[in-house]
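Counting in the working numbering, the final residue of the sequence shown is number 433, and the numbers go up one at a time with none missing.
Beta carbons: idealized from backbone N, C-alpha and C, even for Gly.
What follows is a single structure, written as structure tokens, with notes after it.
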Amino acid sequence: MKWLRRIVLVLLALIVAGVLGLYFFAPRYVMNTANKTLDPGPYEVSAEALALHKTLLVADLHCDVFLWERDFLARGHEGHVDFPRMQEGNVALEGITAATRIPAQQNNTATPDKWDVLVPLSFFQGRPAATWFSPTERALHQAHMLHDAAERSNGKLVIVTSQQELNSYLERRKSEPDIAATFLGIEGAHALGSSVDNLDVMYDAGYRMIAPTHFFDNLLGGSAHGLGKFGLSEFGAEVVRRMEDKHMLVDLAHASPKMIDDVLDMATQPIVVSHTGVKGTCDNMRNLSDEHLLRIRDNGGVVGIGFWDTAVCGEDVDHIVAAIQYATDLIGVDHVALGSDYDGAVTAPFDISGMALVTEGLMKAGYNEADIRKIMGENVIRLLREVLPEA
Ligand SMILES: [Zn+2]
């Protein structure tokens, strides 16, 4: 029976080696294959574009950097966003969002809520056991990751949660151009569980923007990529009402068309679509129709144009600019902004250190300086000033 024992021992050793290998290498492999950058830089733009870009307040509405294990304060070459690359790209404000449940069969048109890939990913990334199965705990952990980075940054990385904090940050930045700010959002209010009171928990953790749905239908209603294409449920309406009371931004990225209409019907504050495309240049399930763009203009809202293929039907700055141009032609320059979806399991044409490429693209497309300022960031800053709590 000696040989049997040997075979069992070898098999056990192989299993242990396999699990350890997965533990140490799989998360990194997943992160890098999910978030490719076509041109890793360094980036070259015209002297004229660079000169203008350096004077802009650049804001990007959406990235998912804390889905992944990287040191946010270290200059990386993986994925798309970290603090040093924000500085290199002169990005003043980045919306950092938490994805808290990702079904394995995630797709653009009909995603069933089954087999959450964040269970193995959280485990293999070595995240706290509380996050392995709980969307709520995942959101709290990602907020903690940002707060931890801010604490280690010697005051250079700021988290904005109110108008007062936004204004004092912008005042500081006039003399300290190397500081940068972030604000926190959540993709999919399933992070609240089934309790509207969890909104207070998320608010206290620093969250100020929440999208009712992400890739699948949940208790609040329908996702653009879900099975039912439902509108807003009664629970969803209660959450939206409470979010407005608390001066949080309602994000309609990933919402079903019916959900977009239902939220706009009841909204008393400007809404945001943090990362999207427009059907006018890229007709698919997740992108905004002309009719919705016009309704969002009338609501005073802001639409963040994405940088990835499903948003703009191309993988270069020209396609991003074409989508921006379609939107501004239809609803004007006051309602269009950037919503990269960096690190959101997408391939990006350039990382955040290359933001000047967008400025250059807008110049080439014929936008004047005032309009470029608005699209590149001022519209987002205006929106936050309108919606965030005063203090
Ligand atoms: Zn998203």
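Legend entry - Helix, strand or coil at T318 [DSSP, three-state]: strand
Legend entry - Option nearest C324 by Cα separation, candidates F349, V429, E432, I221: F349
Legend entry - Beta-ladder partner(s) of P145, from DSSP: D158
Legend entry - Any beta strand (DSSP E) of 3 or more consecutive residues that is wholly inside the region 219-291: 222-229, 249-253
Legend entry - Residue from K198, I394, I366 whose Cα sits closest to the Cα of G408: I366
Legend entry - Any non-hydrogen atom of ligand 1 closer than 6 Å to G356 Cβ: no
Legend entry - Beta-carbon gap between G346 and H104 smaller than 7 Å: yes
Inset, instruction - Could you please go through the chain and list the residues whose beta-carbon is closer than 6 Å to any non-hydrogen atom of ligand 1? - result: E229, A295, H296, H317, D383, G386
Legend entry - Candidates H183, G83, E420, A59, of which the one nearest F108 by Cα: H183
Inset, instruction - Tell me whether D293 is buried or exposed, calling it buried when 16 or more other Cβ atoms sit within 10 Å of its Cβ. - result: buried
Inset, instruction - May I ask you to list the residues that DSSP assigns as paired with A390? - result: T79
Inset, instruction - Kindly indicate the opening and closing residues of the beta strand (DSSP E) around H104. - result: 100-105
Inset, instruction - For the region 338-407, list the alpha helix (DSSP H) runs that are entirely contained and at least 4 residues long, ordered along the chain. - result: 351-354, 359-373, 398-406
Inset, instruction - Rounded to whole angstroms, what's the CA-CA distance from V243 to A231? Just pull it up for me. - result: 12 Å
Inset, instruction - Tell me whether N196 is buried or exposed, calling it buried when 16 or more other Cβ atoms sit within 10 Å of its Cβ. - result: exposed
Inset, instruction - Could you please give the first and the last residue of the uninterrupted beta strand (DSSP E) stretch that includes I201? - result: 199-201
Legend entry - Proximal residues to M285 (C-beta, below 7 Å), its chain only, five neighbours per side dropped: L241, I252, V292
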